[in-house]
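In what follows, a structure is listed as structure tokens, so that the remarks can point back to it.
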Amino acid sequence: MVVVGGSTLLRSNASWSLGLPVNATAVTMSLVVLLAYAAGRALKAHHVIIWGTILAVGAIPLWDGADPSNIGLATVGVAMMVNGVFDHLLFVRTFGAPAGLDGTEDNARA
9 MVVVGGSTLL RSNASWSLGL PVNATAVTMS LVVLLAYAAG RALKAHHVII WGTILAVGAI
69 PLWDGADPSN IGLATVGVAM MVNGVFDHLL FVRTFGAPAG LDGTEDNARA
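My numbering runs 8 ahead of the 1-based position in the sequence shown.
Take a look at the structure:
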């Protein structure tokens with residue numbers, strides 16, 4: 009809801025829209041994700057790097073012309089995948105691998 013509202017406010021054909029030459033989807037989604045991580049006290053360096061980059065790229069005023077929403081969705085999708093990889097690595101480093109998955113234990117019963 010916030011992403012749709014923010015995107016509409018930044019760039020739409022409505023009379024009350026700001027009409028800025030930005031990629032509104034990328035800007036609002038990156039802000040929402042950064043604020044969500046910050047509110048949950050889980051903001052890490054890789055979140056700031058990934059979503060800050062998407063925010064900066066989306067805010068560059070070169071998105072004038074045709075609607076760049078599809079490009080914004082694609083960049084947000086790639087950022088989500090990269091973010092997921094780094095979150096998974098952080099999870100594994102924090103909690104370690106489950107017992108029995110390192111190949112030293114045999115769980116088969118004879």
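For every residue, glycine included, the Cβ atom is placed at its ideal position computed from N, Cα and C. All of these numbers come straight from a predicted model, not from anything done at the bench.
Q | Beta-carbon proximity check, Gly80 vs Gly66, cutoff 8 Å | A | Working through the sequence shown from its first residue, we reach residue 80 at position 72. Working through the sequence shown from its first residue, we reach residue 66 at position 58. Contact flag set, yes.
>> Can you look up Ile68 in the DSSP assignment and give me helix, strand or coil?
In response: Taking the first residue of the sequence shown as 1, we reach residue 68 at position 60. Coil.
To test your reading of the DSSP string, which unbroken alpha helix (DSSP H) runs of 4 or more residues are found completely within the stretch 38-103? 53-67 and 77-103
Burial state of Met37, where buried means 16 or more other Cβ atoms lie within 10 Å: To locate residue 37, count along the sequence shown from 1; it is residue 29. Buried is the call here.
How is Val35 classed by DSSP in three states: helix, strand or coil?
Here the question's residue 35 lines up with position 27 in the sequence shown. Three-state DSSP puts Val35 in a helix.
TODO: Taking Leu98 as the reference, give the member of Ala82, Ile68, Ser77 and Leu51 with the closest Cα.
DONE: Locating residue 98 in the sequence shown gives position 90, counting from the first residue. When each option's Cα is compared against that of Leu98, the closest is Leu51.
Straight-line CA distance for Tyr45 to His54?
If you number the sequence shown from 1, residue 45 lands on position 37. If you number the sequence shown from 1, residue 54 lands on position 46. C-alpha separation (whole angstroms): 11 Å.
* Asked: Roughly how far, in whole angstroms, is the beta-carbon of Leu70 from the beta-carbon of Pro29, given that I think they are within contact range, below 8 Å?
  -> Translated into the one-based positions of the sequence shown, residue 70 becomes position 62. Translated into the one-based positions of the sequence shown, residue 29 becomes position 21. That pair is a contact at about 7 Å.
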